[in-house]
Amino acid sequence: VREHYLRPDVPCRSALCRSAQCRAACARDGKMLSDDVTHYVVPDCKVVQEYLEILEFPELKGIIFMQTACQAVQHQKGRRQYNKLRNLLKDPRHDCTVFSNEFHQHCYLPREKGESMEKWQTRNIYNAAAWYYNHCLGQMPVVMVTEDEDAIRQYGNETEGVFVISFKNYLDNFWPDLKAAHELFDSIVQARRERESESQENHGKEYPEHLPVEILESGIKSGRFLQGTLNVNKHRAQLEAFVRLQGFGSKDTELQSDILIYGAKARNRAIHGDVVVVELLPVHEWKGRTVALCENETEDKAPADTTGDPMPTGKVVGIIQKNWRDYVVTFPSKEESQSQGRNAQKVLVTPWDYRIPKIRISTQQAEALQEYRVVVRIDSWESTSLYPNGHFVRVLGRIGDLEGEIAAILVENSISAAPFSEIQMSEMPVSSPKNPWKVSPEEEKKRLDLRDTHLIFSIDPKGCEDVDDALSVRTLPNGNLELGVHIADVTHFVAANSYTDVEARARATTYYLADRRYDMLPAVLSADVCSLLSGVDRYAVSVLWELEKESYEMLRVQYTKTLIRSAYKLEYETAQGLLDGDTSVVGDILELKSLDEGMRQKKLAELVWAISKLTDIARHIRAKRDRCGALELEGIEIRVQLDDRRNIHDLIPKQPLEVHETVAECMILANHWVAKRISEDFPHQALLRQHPPPRQEFFTELRECASAKGFSIDTRSNKALAESLDRANDPSDPIVNKLLRSMATHAMSNALYFSTGSCPEEQFHHYGLALEKYTHFTSPIRRYADIVVHRLLMAATLEGTTGDVKDNIISNKYLEELCRHINNRNRAAQRAQKQSTELFQCMYFRDRSAESDERCVADGVIYSIRTNGVLVFVPRYGIKGAAYIKNKEGLVISCQGAGSCQWKPGSLHRSQHKITSTTTSGDSVTLSLFDHITVRILVQTSRCHADTIKLEIIRNTPHHTTDTEAAQKSLHVVKSDLVKEVSQSAEEAQRAQERARVEVMDEESQEFCQTKGPSLYQLLEEIRELALLDVTEDIKM
């Protein structure tokens, strides 16, 4: 017997509701349907499954998704589509809601004997639509849309005020001018017809069928099959993919490496990112991965001499989870269209991402869209089809246009750039220059007031607005010291599950691109009310330690909500000057200018003491972590020089300063102690950050490269690695150590957020920082993980807390899901940042003549040897790229004297640390690891994909300029050279874009960009601890 509970008070969520019982339930439930519409629309199951993308249009308002339809999506379309529906329902920008019709006593109808599932679902939804109309007392017509013609005939005239029509009829009659919706509808219908037609006509199998789920699951448990995520090699997308193993069921595997999936047939319709099930091939069929340099081409086989040792090789036998997303594609050119065949409506489009196969879509707009980037979605990939089938969604912009290319990067990384909605902004505190935000007297009583007892100050980059951390140090009456880290109390203004919180959770992070940023929180919080600016009262969450006055041993720690007033907003350079005794920087401290000389000197002495003492404490803390094996993995920051009118004069790299380490060490300390506290109080549901030890095989290249210079790298522990990297220093060439540290970074696993209830405590360790427990607490303005941690800390430390704070603690299961989401968004943010920087690099070099412009010639350092070329690092621009020694025609490079290199017939000989090119005439050139060579930087343009940087060897000797000579004198200058020209290229590209901009660009800018200041200066300075090419942040913090 199956019990089904029904109730009368299921919330309808309509603003028109007059039932007191229902309105009470609605008040507890949040989001309400607007009454500012002409009708409510109720889609049936088929419409929700097939046309959800159209229902996502913000123009379509008053949509009621019945529980019956939502469950049909969950069971028939899978988790990804169901999550899209859930996100749509949560999004305050969309006027829609869900109605739990199957729990309402007047809406639920049991299924009749012999009734099909589809007919029962339609009958249930219609019954709920009729109830809804009567419940609202006939004030609002209800339109049910369905693809079931029988339902239209049966229910069309049954209830006055309830209309039952087809979805096409609905669009034609209610939204005749919504062109994009009509085009998308036609595209989806056409794609469905093509699939149905193809399945009927094509009986030949291009691929084997996937095995049933029950066989896959039992095979995984028995060890016959292995499960993992498919990663396609973007440089060899037609041939090579790898499966990284996960969840080995009940039997352990002896495999210590990824599984190679060689060729499209073995990949069996799996797409990059899918969770697949793999069967290993017999050992004699194993192949090696490609070790030669190769471009993104369409060869279906690799030359025999370009592969490494055989590795475990398998084939895909099933797909557990299809992780399909929106794809940016390009239509074929006129010439390619003619070669594709006579059926002009079926078009093979090429994805922007090399790892995604061509997609077949049906459209009549192919010719009109040849010069545009377009978004498509994949619908299916049948075993009878060489290519997946999909449909057209929308146009992004012209190929090569800056805004169109940025939009492509956002879509490829699933980043939403929509502005904050009115309902979210309505939750924000009121603050303006004329009416600034003020402290609440009630809240003041609840907080520890530090305004008159503590000298608090912040140290940030020049021009920084979002100050989310401040520091203090003072001597206590007993002679000991008190160290304070004060963090903006964002959670006071962002209530759990509010509209702003839901949006921040979805974004998970602030996204920084080369020329703009997309904020996680509205600017009224990030740049004003939450920002710990000097001279204004602010709410903070503080961690205060009592330290022994000489040994700096931690004696006591306190976590508390505080009320602070920062005394100084210092720039890094100013703080460093004070630390070094440079009195010339005093004029840069605005807060001291209005004081008389005596008071100024007194205040200055207090400030200098505080900065000096903080630095001493930070050195002590760092030394303690160093003894445990903390790794030194460098990042890069940018400083901007301005002219008198605050326009950009130059973009130069920020010199590494000791105060950078001082601030970073204090933040690491706070994160570590907060992690310890929340994991003690919530052992099964605290959000921490782990950095697992790397797999030893990933260090192979690092060890081999170091041995070329006579260095030995010990990778058995983080401490051994840190010490051996410190010893691997060539006094004559500091670039060597930098490249070795870069290789060590690439061998690392990514640091990840996790729930303490999801893994044993021995796995909590942070390898890079050498800490047993770590989390993120210090940047709640730009990271959602920090917001979660603030709520956990408040629940853990506020004694006797009940109600709201405790209620906000989420379960381990939900926290696991949230951590996966945040980790995914962080990876997307890193990719988008990298791709946007590469876009600007290419734009910079594309506008210059590679033959005549001296900026296109630079010094390069060889850091890897391949069978047909070398990988080169260009310090001046921070670029890494391939340089061929043997070209496609089989010619090899020949360099004689000081002249340029030439291509000649010959052969190559490769050994572990060097490669030799020998021409038929007997001339030879040998290039070794860490050799300095002269390269020309070119741009390889692509119509369908992102442009890429290409390197060409022009001399086998170093390229000497004043920059490189200075770089050899100072390691600090070497660090600077890494990004200077990358930044300049971004600025040059932006200026060129401004000159060529047409009026429509302003509208596009508003659509794609939330925060775009008058100059690149403000945007780059807002990046703060992040860097354009910084790959180490995830390990360091």
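Numbering (UniProt numbering), first residue to last: 1 to 1037. Glycine included, C-beta positions come from ideal geometry on N, C-alpha and C. Predicted model, so just to flag it, every value in this text is computed and none were measured.
Where ASN826 is concerned, the enclosing alpha helix (DSSP H) starts and stops at 812 to 846. Boundaries for GLU3: no alpha helix (DSSP H) harbours it, and the DSSP string shows neither H nor E there. Counted as a single uninterrupted DSSP element, the stretch harbouring SER116 is not any alpha helix (DSSP H), since DSSP gives it neither H nor E. Here the C-alpha atom of ILE879 lies approximately 11 Å from the C-alpha atom of ASP859. Per DSSP, GLU550 lies in no beta strand (DSSP E) segment and is marked neither H nor E. Taking a contact as a CB-CB distance under 8 Å, the pair LEU293 and GLY869 counts as one, their CB atoms being some 4 Å apart.
Checking the DSSP bridge columns, you'll see TYR354 has no partner listed. Judged by beta-carbon spacing, ASN671 lies beyond the 8 Å limit of THR756, meaning their Cβ atoms are not closer than that value. The Cβ atoms of ARG289 and LEU245 do not sit closer than 8 Å to each other.
Using a Cβ-Cβ distance cut-off of 8 Å, the region 487 to 504 and the region 781 to 793 are in contact, since at least three pairs of beta carbons, one from each stretch, lie closer than that value.
Its chain contains LEU839 as the residues whose beta carbon lies nearer than 7 Å to that of GLU405, once the 5 sequence neighbours on both sides are disregarded; these appear in chain order. The three-state secondary structure of THR475, taken from DSSP, is strand. By the beta-carbon neighbour count (other beta carbons within 10 angstroms, threshold 16), TYR814 is exposed.
Restricting attention to MET311, VAL275, ALA264, PRO419, the CA atom closest to the CA of GLU285 is found in MET311. By the neighbour-count definition (other C-beta atoms within 10 Å, threshold 16), PRO8 is an exposed residue.
If you draw a straight line from the Cα of SER732 to the Cα of LEU871, it comes to about 21 Å. With contacts defined as CB atoms closer than 8 Å, PHE65 and CYS107 fail to qualify as a contacting pair. Spatial neighbours of ASP501 in its own chain (CB-CB distance under 7 Å, excluding positions within 5 residues in sequence) are listed in chain order as VAL494, ALA495.
By the C-beta density criterion, VAL47 is buried, having at least 16 other C-beta atoms within 10 angstroms. Annotated three-state conformation of ALA540 is strand, per DSSP.
Closest by C-alpha distance to GLN345, out of SER458, ALA191, VAL439, is ALA191. Where ALA630 is concerned, there is no enclosing alpha helix (DSSP H), because DSSP gives it neither an H nor an E.
Distance from the CA of ALA722 to the CA of VAL276, rounded to the nearest whole angstrom, comes to 37 Å.
Partner residues in the beta bridge of ASN389, as assigned by DSSP, are ARG360, SER380.
In this structure, GLN121 lies away from THR159, with their beta-carbon atoms at least 8 Å apart. Secondary structure note for ALA858: its beta strand (DSSP E) is the uninterrupted segment 857 to 865. Rounded to whole angstroms, THR941 and LEU657 show a C-alpha spacing of 39 Å. Where TRP903 is concerned, the enclosing beta strand (DSSP E) starts and stops at 902 to 910.
In the three-state scheme derived from DSSP, where H, G and I count as helix and E and B as strand, VAL213 is classed as helix. Collapsing the DSSP output to three states places PRO441 in a helix.
Separation of ILE356 and PRO780 (C-alpha to C-alpha, rounded to the nearest whole angstrom) is 36 Å. Between the region 731 to 748 and the region 944 to 962 there are fewer than three C-beta pairs closer than 8 Å, too few to call the two in contact. Cβ contact annotation for LYS168 (same chain, cutoff 7 Å, sequence separation greater than five): PHE185, in chain order.
Taking 8 Å as the cut-off, the Cβ atoms of SER917 and SER900 do not count as close.
Straight-line measurement puts the Cα of GLU817 at about 29 Å from the Cα of PRO388. Excluding its 5 nearest sequence neighbours in each direction, MET32 has C-beta neighbours in its own chain below 6 Å: ARG13, ALA15, listed in chain order.
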